[in-house]
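Residue numbers (our numbering): 9 to 256.
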């Protein structure tokens, strides 16, 4: 089956819908949502409705730090001012059912030979950023599965174990299938659907083919002007709208 890996949607409905349409074109048979469904963006309710629908069909959904911060203000203590403001605004938008859905989400999910987590499997509750090989090695050492898929850092990257066993980073080319055989260990960070930070505004996600053992990263153009306009109309920090426009 082809599994679409979506991380860091961040309440960006335009990006989510565009990515889901693209995943359908890629014949994806299911979804894994790798945390941070809300925060930053202006459509938390609509995004959660779509994700809950997919969860009802068997999609994997894990909790991210912004999802947790909506439920527990202490989680937001280390976030920047714009993030804290967006989290506070998001709390006013969600109803009890949506809050209960976020509260029900696990920090880690294992299905077969795949582990799903938002930050790092090393300490999922700490929402650690995997930004270099040492941290990637610790993440992989915490689980036994050949494949780990995560988000959190908002930039697409793939770590793989070399002959010495140390993970090496690889920057994927969008649309090019990467062989990821089970004889090695792999940590795929899917980038961000709703707030990319690598200088490109196009949404980022990946598709894992668990039969052919390939991982393909994709960039999807979407209506970011509308998403940015909604952020401004909601009265959220200008920085959050500008990020959508510039992808940084």
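Yeah, the Cβ is synthetic: ideal placement off N, Cα and C, and Gly gets one too.
Would you identify the three-state DSSP class for residue i, choosing helix, strand or coil?
i: residue 153; result: coil
i: residue 38; result: strand
i: residue 56; result: helix
i: residue 113; result: coil
i: residue 316; result: No information on residue 316 is available, as it lies outside the stretch 9 to 256 that the chain covers here.
i: residue 222; result: strand
i: residue 69; result: strand
i: residue 80; result: coil
i: residue 75; result: helix
i: residue 130; result: coil
i: residue 205; result: coil
i: residue 102; result: coil
i: residue 265; result: Here the chain covers residues 9 to 256 and nothing more, so residue 265 does not appear.
In the DSSP assignment, what are the bridge partners of residue i?
i: residue 227; result: 212
i: residue 258; result: Outside the shown range of the chain, which is 9 to 256, sits residue 258, and nothing can be said about it.
i: residue 118; result: 123
i: residue 46; result: According to DSSP, which records beta bridges pairwise, residue 46 is partnered with nothing at all.
i: residue 51; result: Answer is none; residue 51 lacks a bridge partner.
i: residue 217; result: 10 and 222
What are the boundary residues of the beta strand (DSSP E) that includes residue i?
i: residue 12; result: 10–14
i: residue 177; result: 175–178
Hey, could you find the ends of the alpha helix (DSSP H) residue i is sitting in?
i: residue 187; result: Element bounds for residue 187: not the alpha helix (DSSP H) but the beta strand (DSSP E), 185–187.
i: residue 139; result: No alpha helix (DSSP H) holds residue 139; DSSP gives it neither H nor E.
i: residue 234; result: 232–241
i: residue 91; result: 89–99
i: residue 27; result: 21–33
i: residue 248; result: 246–254
Only counting the same chain, and skipping five residues up and downstream in sequence, which positions put a Cβ closer than 7 Å to that of residue i?
i: residue 119; result: 68
i: residue 248; result: 48, 90, 94 and 239
i: residue 150; result: 129 and 130
i: residue 35; result: 10
For residue i, which residues of its own chain have a beta-carbon under 8 Å away from its beta-carbon, when the five flanking residues on both sides are left out?
i: residue 139; result: 161
Excluding five sequence neighbours on each side, which residues of the same chain lie with their C-beta closer than 6 Å to the C-beta of residue i?
i: residue 84; result: 77, 92 and 95
i: residue 155; result: 122 and 194
i: residue 23; result: 201, 202, 211 and 230
i: residue 7; result: Beyond the ends of the chain as shown, which are 9 and 256, falls residue 7; an answer cannot be given.
i: residue 190; result: 154
i: residue 72; result: 43, 44 and 126
i: residue 117; result: 68, 70 and 124
i: residue 111; result: 79
- Message: Three Cβ pairs or more, each shorter than 8 Å: is that satisfied between the region 53–70 and the region 140–156?
- Response: no
- Item | Segment contact, 8 Å Cβ cut-off, at least three pairs: the region 149–164 with the region 201–212 | yes
- Does the region 33–51 touch the region 228–243, meaning 3 or more C-beta pairs lie closer than 8 Å? yes
- Message: Below 8 Å, how does it come out for the region 27–36 and the region 213–230: are there three or more Cβ pairs, yes or no?
- Response: yes
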